[in-house]
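Colleague: So in the UniProt record's numbering, spot 176 of the sequence shown is number 176, and the numbers just go up one at a time.
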Amino acid sequence: MFSSRKRLDNAFKNAKIINFDDSSKFILFSDCHRGDNSFADDFANNRNIYFHALKHYYAEGFQYCEIGDGDELWENLSFTPIFEAHKNVYMIMREFHKGNNLHMIWGNHDMVYRNPSYAKKYLYTYFDKTLGIDVDLFPGIEYHEGIILRHTTTNQDIFLTHGHQADWWNYLFWKWSRFMVRVLWKPLNVMGIADPTSPAKNYSELIRIERRTKKWIIENNNLVTIVGHTHRPRFPEPGDIAYFNDGSCVHPRSITGIEIENGEIALIKWYIDTNDDGVLQIVRVLLEGPRKLIDYKTA
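1. Would you mind stating whether H103 and H33 have Cβ atoms separated by less than 8 Å?
2. So the candidates are N101, R94, Y143 and D136; which of them puts its Cα closest to the Cα of Y118?
3. Is V283 buried or exposed, if buried means 16 or more other CB atoms sit within 10 Å of its CB?
4. Should A166 go down as buried or exposed, given a rule of 16 or more other Cβ atoms within 10 Å for buried?
5. Taking DSSP as the reference, what is the three-state secondary structure of W270?
6. Consider the Cβ of C32: report whether some Cβ of chain B lies at a distance smaller than 8 Å.
7. If you reduce the DSSP assignment to three classes, tell me which class T197 lands in.
8. Buried or exposed: where does G257 fall if 16 or more other Cβ atoms within 10 Å of its Cβ makes it buried?
9. Rounded to the nearest angstrom, what separates H151 and F159 at their Cα positions?
10. What would DSSP say about S38, mapped onto helix, strand or coil?
11. Tell me, to the nearest whole angstrom, how far the beta carbon of E145 is from that of N14; I am working on the premise that it is less than 8 Å.
12. Report the residue from N222, S4 and G61 whose alpha carbon sits nearest the alpha carbon of G99.
13. Give me the Cα-Cα distance between Y243 and I272, rounded to the nearest whole angstrom.
14. Put K297 into one of helix, strand or coil per three-state DSSP.
15. Take the Cβ of I147 as the centre, count every other Cβ of all protein chains shown within 10 Å, and call the residue buried at 16 or more, exposed below.
16. Closest by CA to P236, which one among C249, L293, D36 and I209?
Here's what the structure looks like:
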């Protein structure tokens with residue numbers, strides 16, 4: 001049985017490398033848990049916020065990195081009902097993909113995308129009911145366990161992975177967890193009973209996962225590492241352990257993410273607010289940063 005260190009080593013070793021410079025712009029979201037718009041779909045409450053944010057980033061020329069658990073494929077048997085529930089979201093994601101600006105990482109809740117044939121079957125095309133034919137959705141899309149953003153001038157590496165490598169139960173026994181969620185916890189969710197296998201709902205396990213990840217970061221020369229999985233946003237100061245977490249898109253009434261732009265990194269939040277006239281509007285606020293990436297580079 002591999003240790004969390006070896007699992008993270010493996011994700012880093014096999015990571016897709018994306019070269020970038022100070023003109024590059026990335027938005028990082030994770031843990032969207034897009035569902036079927038049922039009572040158990042935690043994403044449904046924030047989908048308008050998320051859709052508005054993605055439209056903003058697409059218009060501004062950002063690349064989109066999704067760091068795992070984008071689709072909720074534990075509670076749902078297949079991708080099709082998820083697509084039907086949130087088609088507008090997938091249409092804007094398709095625009096990112098057309099420009100080669102969509103980069104996908106699988107997490108424990110969408111670990112089935114590890115299998116290229118599964119991704120090909122469900123994600124390459126969708127059935128257009130108006131036209132009566134299959135049309136392109138994400139043709140040729142590939143999911144990765146890790147992505148390395150490599151700065152072309154400074155050679156600094158930024159490692160992106162979901163983070164469940166440090167959660168042995170949800171990495172090794174994800175099929176059992178998926179079974180439990182489908183059979184037991186999804187029906188109980190409507191009564192307010194939380195899934196105990198989720199680190200976002202289990203604080204002591206969350207701390208253990210963060211500790212294991214930080215240990216790996218230290219062992220790898222304080223490599224800047226950005227994860228999700230625990231749903232807890234983290235943004236270190238330069239000189240601290242370079243452990244970042246983009247949070248999730250299923251916070252109550254808000255989504256959080258990480259932006260990389262102008263050679264800087266920032267933690268942001270999008271949420272619904274009212275203006276002085278009482279009109280609802282979706283706004284972006286800065287939670288942490290921006291900080292220069294080079295300030296986190298070690299010799």
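Cβ coordinates follow ideal geometry from the N, Cα and C atoms, glycine included.
Modeller: Per the coordinate set shown:
1. no
2. Y143
3. exposed
4. buried
5. strand
6. Of the protein chains in this structure there is only one, and it is not chain B.
7. Caution applies to T197, whose pLDDT of 48 falls short of 50 and renders its modelled position unreliable; the value that the coordinates give is listed next. Coil, per DSSP.
8. buried
9. 12 Å
10. coil
11. 6 Å
12. G61
13. 28 Å
14. coil
15. buried
16. L293
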